[in-house]
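Residue numbers (my numbering), protein chains in the order written: chain X, 1053 to 1244; chain V, 1053 to 1244.
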């Protein structure tokens, strides 16, 4: 994985992929799937993600103040489905059951999910206090970003040049996903 | 356009499309492009969208308390690019220049963008007061939803059965988009 300039980290999420959320506290690590994540700011880079109060991930994020967003490729579709359909509260061996492994980033202490095409290490922002209760919404600053240079280089995605199983996943409903598709170029704007 | 059950309205955004944001107040209508939008809740249905304080759209949304999120198809790529690159503050004829037209929904009073494959009429939520200042983040309840039944039926997208120019757009950077791609089915989760 290659580090991504933090000012360009928003581009990892700009096209709306489903993500895996990594979290860790007091020796417990969890990973859940989330389709509701987006960039919140360019510089300093921030993200917003919806994490239900009932989840183990939310407990670990609330306790540690840290989380990761990881962009899984098509090759991980079954792990994403399993991570979204199984609770770490019910299964202490959830990650083994889901065949998901993580590595802790030594600089931030945040667990990153193996096999993903991008990672963002994030620290929860103070404004979360106002929206995490009523709306399950977590706001966080991006403090580290990495991407797989087979699909992300020179500050942007290049899925069209790589294997189809490296494309990002976009969840529709109930285990139905779309892979990201064909490149489309718009005309430049005159007299903006 | 066919009405969508409000409990399934989140599915219009679940796969992460770039949207057009419609707004109107005191006789002025505007449309801007936004890649940073996501569902916030199922029931009651809510959305979150980032709208910069410097925009005309933000003025109109703040004044009216209303906005629409519209999902443009590939066929509208140049209008999306123009709506994202031109400010309604600098051009009172922005919509004509962008070749964008709108229709006001008679029930909610919200302008919906013609040619889009889905629309959500939304009312700004009180919690926005805490996050719109520091983070340009608007939280809103979905009060009306519609989709083009050529691509959305029985509560989900069916892009694989329709023309390529009806696929949703996902912005990467600088006028580069991806269309949503191939359907991918994950295995069901055992022992969840």
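For every residue, glycine included, the Cβ atom is placed at its ideal position computed from N, Cα and C.
(request) Go through its chain and collect everything with a Cβ distance to residue 1208(V)'s Cβ below 7 Å, but skip five positions before and after it. (result) 1063
(message) Rounded to whole angstroms, what is the Cα-Cα separation between residue 1215(V) and residue 1069(V)?
(response) 17 Å
(request) Per DSSP, which residues does residue 1120(X) bridge with? Please list them. (result) 1074(X), 1173(X)
(request) For residue 1073(X), go through chain V and note every residue whose CB falls closer than 8 Å to its CB, in chain order. (result) Correct list: empty, because the minimum Cβ distance to chain V is about 14 Å.
(request) Could you pull out every residue in the same chain whose Cβ sits closer than 8 Å to the Cβ of residue 1129(V), ignoring the five residues on either side in sequence? (result) 1221, 1229
(request) Could you spell out the range, first to last residue, of the alpha helix (DSSP H) harbouring residue 1129(X)? (result) 1129 to 1137
(message) Can you tell me whether residue 1211(V) is buried or exposed? The criterion is at least 16 other CB atoms within 10 Å of its CB, across all chains shown.
(response) buried
(request) Kindly say whether residue 1066(V), judged by its beta-carbon, lies nearer than 8 Å to any beta-carbon of chain X. (result) yes
(message) Can you list, in chain order, the residues of its chain with a C-beta nearer than 7 Å to that of residue 1189(X)? Leave out the 5 residues immediately preceding and following it.
(response) 1100, 1102, 1183
(request) Run the proximity test for residue 1079(V): is its beta-carbon closer than 7 Å to any non-hydrogen atom belonging to the ligand NAP? (result) Questions concerning the ligand NAP fall outside what the structure shown contains, since it holds no ligand whatsoever.
(request) Return yes when the Cβ of residue 1205(V) is within less than 8 Å of the Cβ of residue 1172(V), no when it is not. (result) no
(message) Going by C-alpha to C-alpha distance, which of 1226(V), 1178(V), 1154(V) sits closest to residue 1072(V)?
(response) 1154(V)
(request) Compare the C-beta of residue 1191(V) against all C-beta atoms of chain X and say whether one is closer than 8 Å. (result) yes
(message) Do residue 1152(V) and residue 1175(V) count as a contact pair if the criterion is CB distance below 8 Å?
(response) no
(message) Using the Cβ count rule (16 or more neighbours within 10 Å means buried), how would you classify residue 1054(V)?
(response) exposed
(request) Return helix, strand or coil for residue 1207(X), following the three-state DSSP convention. (result) coil
(message) Can you pull out the residues from the segment 1213 to 1234 of chain V whose beta carbon lies closer than 7 Å to at least one beta carbon of chain X?
(response) 1219, 1221, 1222, 1223, 1224, 1225, 1227, 1228, 1229, 1230, 1231, 1232, 1233, 1234
(message) Residues of chain V with CB closer than 8 Å to the CB of residue 1211(X), please, in chain order.
(response) 1230
(message) Distance check for residue 1076(X) and residue 1236(V), CA to CA, integer angstroms please.
(response) 30 Å
(request) Would you kindly work out how many angstroms separate the C-alpha atoms of residue 1132(X) and residue 1095(X), rounded to a whole number? (result) 29 Å
(request) Measure from the C-beta of residue 1186(X) to each C-beta in chain V and report whether the shortest distance is under 8 Å. (result) yes
(request) Taking only beta-carbon positions, decide if residue 1089(V) is within less than 8 Å of chain X. (result) yes
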